[in-house]
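Numbering (our numbering), first residue to last: 51 to 556.
Positions of the beta carbon are idealized from the N, C-alpha and C atoms, including for glycine.
Structure first, then comments.
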Amino acid sequence: MAYRFIPVLAAALISTAGAAVAGPDELCVQEVLAIHGYDPGPIDGHLGPRTRQIATDFARDWRLDLPALSASTVADWCVALPAAQRGAGQPQDPALTDGPDALGCVEAPPDGYARIITGMVDGDPVELRVSARFGGAVGGLTWRGRQFLNIYDHGRQISYAWHLDGHGECLNPTEPGSAQDYFLQSSTTRVLQICGEAPNRLSTRINPAYWTAPGEAAFCDNGTTGGVNTTLVSENLFEKVIQIGYRGIENVILFDATITLERDYQSLRTEMPTAYLTHDFTARYSFDPRDGTLIPREESMDLYPPFSFVHVSNLPAVLATEDGQFALGAYTAIPGASYELLHYDVPNPYDANNKWNILVGHVPAPAGPYSYRAFAVIGTLEQVRASMVELAALHPVDVTPGWGFVDYVGCDEVAGWAWDPDAPDVPMMVDLRDLGTGEIVLSVLADAYRADLPGALGDDGRHAFRIPAEDLPDGPVTLAADVRASVDGLPGIALTPNQFSLDCGG
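Spelled out as structure tokens, the structure:
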């Protein structure tokens, strides 16, 4: 999910003509009530008996601690009600909330259902909450009284989303729900199951909503102008496990997730996961696992809509409050993963947010399962840094991976190029791997000159490789060409496309 600008619903419902003496705070309260489906009567800026009663009902349902609505308190109400729009006081039926000790599974959980797991970080409880309202996504993460997450609409939270076939938001299964779900207390996502496996561990299984309805406009890519999906819910299956605490590190939250594609796609680009934090998390860092340091990220790269800060790196991302008392980091050892740090700056503080992404891509993306392991690290900034050092020791990662392309596949030859932009003078080794057996069929050094590479890469262009016909395997086989990792013992990274087929027998 990215962002979609949805007009304030009240504008379609409300006419303030003739309300020359209407109070702005009174109108504010009535409009928010109307947006959320509570009918305050005429939207006229006057606090009649109906508006007062409906406001009382709203505060009760949303568990907002507010005084009785009156002329003397209406300004406080106007400030407080937008909190409901970010879900800060979302309705909770205690009968539908399973706590950390309520183990077992709920099939097709109803609207309003939630499950909570807990852990301890530096002597204080951390609480993580998923709900049917957000399709099983993480809608609450609290520690030391601080809510970390922005949940203004159904595409934020700590959640998973993926783009298919290069269409961006126009073919975009999204765990929490669709753009049209907006402030609703339910999700278009089909929640199949939510389970409590231990007080600190849960799992979910869903069919995610498409972010756009068929034909609906959004931030689409490659010239697409509207949703290309023909249904509201994807047939992709999404399963995840979340656990607070990992291998003795109490402030690490494990995320294991699997997307199962029901058919072949040309490409799959995933956010595995993304975390939308509140507007307070304005200190941005990259973590360097090679020396355990945090690198401040104060200068934006080139912007793209709708963000006012963009930074992309192969280094794990961390967001923190300016005083460093609260932070959330992202880490994965998935080869070739990248990280984004993004800021969305709008006047509404409940809409404004900071986020990090873990991005992984596949080209092509044949039918079947795609599994991802990632970690969120919570605590003070120093606690997050220290625990990411421990994670990097457990799960080393190559933060300067080589990359490149397989440009030609045929029975006469397979050809392409590979390079390491951080060490362009060092030729890369490419391993041809049989995806059926997992075995390396042959290896070749990418050190040949190719005339088009100097202009593209800005160096001497000696990064090409060629595998002649006599060296290619016989018979039908599916292969990947992996550029060998620069860190011993780590898996290589598949060149693009990440797999291809040959049938050169006979």
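Do the CB positions of residue i and residue j come within less than 9 Å of each other?
i, j, result
"residue 483", "residue 542", "yes"
"residue 427", "residue 531", "no"
"residue 533", "residue 498", "no"
"residue 262", "residue 284", "no"
"residue 331", "residue 382", "no"
"residue 286", "residue 258", "yes"
"residue 390", "residue 360", "yes"
"residue 151", "residue 164", "no"
"residue 226", "residue 167", "no"
"residue 255", "residue 241", "yes"
Cα-Cα, which of the options is closest to residue i?
i, options, result
"residue 415", "448, 315, 486, 458", "315"
"residue 157", "178, 298, 186", "186"
"residue 10", "347, 177, 384", "Residue 10 lies beyond the stretch modelled for the chain, which goes from 51 to 556, so this question has no answer here."
"residue 357", "311, 405, 148, 341", "405"
"residue 467", "502, 490, 488", "502"
"residue 334", "380, 102, 307, 173", "380"
"residue 525", "544, 551, 514, 513", "551"
"residue 230", "442, 277, 544", "277"
"residue 288", "422, 96, 89", "422"
"residue 454", "486, 401, 485, 386", "386"
"residue 325", "245, 279, 433, 211", "211"
My assumption, with CB atoms under 8 Å, is that residue i sits in contact with residue j. Please give the rounded CB distance.
i, j, result
"residue 22", "residue 183", "Here the chain has residues from 51 to 556 only, and residue 22 is not among them."
"residue 336", "residue 362", "Actually they are not in contact, since the Cβ atoms of residue 336 and residue 362 sit about 10 Å apart, beyond 8 Å."
"residue 205", "residue 224", "6 Å"
"residue 176", "residue 309", "Between residue 309 and residue 176 the Cβ distance is about 27 Å, and since that is not below 8 Å, they are no contact."
"residue 116", "residue 130", "6 Å"
"residue 311", "residue 418", "6 Å"
Excluding sequence positions up to five away, which residues of its chain have a Cβ less than 7 Å from the Cβ of residue i?
i, result
"residue 137", "With a pLDDT of 48 at residue 137, under the threshold of 50, the modelled position of that residue is not reliable, and the figure given next carries that caveat. Taken in chain order, the residues that qualify are 189, 201."
"residue 128", "75, 78, 79"
"residue 327", "198, 199, 200, 369, 378, 403, 404, 405"
"residue 282", "228, 238, 259, 260, 263"
"residue 548", "412, 413, 530"
"residue 476", "470"
"residue 494", "480, 515, 517"
Take residue i and list the residues in its own chain whose beta-carbon comes closer than 8 Å to its own, dropping the five residues that flank it on each side.
i, result
"residue 536", "448, 450, 451, 452, 470, 473"
"residue 539", "446"
"residue 247", "153, 253, 291"
"residue 160", "146, 182"
Would you verify that the beta carbon of residue i is, or is not, closer than 9 Å to some beta carbon of chain C?
i, result
"residue 448", "The structure shown has no chain C; it contains just one protein chain."
Apart from the five residues just before and just after residue i, which ones in its own chain have a Cβ nearer than 6 Å to its Cβ?
i, result
"residue 274", "217, 220"
"residue 523", "491"
"residue 546", "413, 455"
Is there contact here, the region 497-510 with the region 371-386, by at least three beta-carbon pairs under 8 Å? no
Report yes or no: do the region 263-279 and the region 202-219 share at least 3 C-beta pairs separated by less than 8 Å? yes
Using 8 Å as the threshold, is the region 437-453 in touch with the region 316-324, meaning 3 or more CB pairs across them? no
Taking 8 Å as the cut-off, does the region 515-535 touch the region 460-469 (at least 3 CB pairs, one atom from each stretch)? yes
Is the region 391-403 touching the region 290-309 in the sense that three or more CB pairs, one from each, lie closer than 8 Å? no
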